[in-house]
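FYI, the numbering for the sequence shown is 179 to 234, going by our numbering. Working notes for the structure below.
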Amino acid sequence: MNKTLYGVASMIGLMLLTYHLYVIADDVRVVVQDPNQANKPQEVFKLAVDVTRYFG
179 MNKTLYGVAS MIGLMLLTYH LYVIADDVRV VVQDPNQANK PQEVFKLAVD VTRYFG
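In structure tokens form, the structure reads like this:
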């Protein structure tokens, strides 16, 4: 029973992480494609920091 519960919890956690990474990637795409964005490197760097906090 506990192994099944841990497996389900792990799958839910991985799905949430994957979804969050997808959202960040979409934000990066929007920043890069926006012609009115003045400071693109700084905005992309802030989004990259969002990703690295999960793996650091």
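Even glycine gets a Cβ: it sits at the ideal position worked out from N, Cα and C.
Report the rounded CA-to-CA distance for residue i versus residue j, giving the unit in angstroms.
| i | j | result |
| --- | --- | --- |
| residue 204 | residue 186 | 27 Å |
| residue 213 | residue 233 | 31 Å |
| residue 209 | residue 215 | 7 Å |
| residue 197 | residue 231 | 15 Å |
| residue 202 | residue 183 | 29 Å |
Taking the alpha carbon of residue i as the reference point, which residue from the options has its own alpha carbon closest?
| i | options | result |
| --- | --- | --- |
| residue 206 | 195, 182 and 226 | 226 |
State the CB to CB distance for the pair residue i and residue j, rounded to an integer number of angstroms; the pair is presumed to be in contact (CB under 8 Å).
| i | j | result |
| --- | --- | --- |
| residue 199 | residue 229 | 7 Å |
**Message:** With three or more C-beta pairs closer than 8 Å as the rule, is the region 212-224 touching the region 187-195?
**Reply:** no
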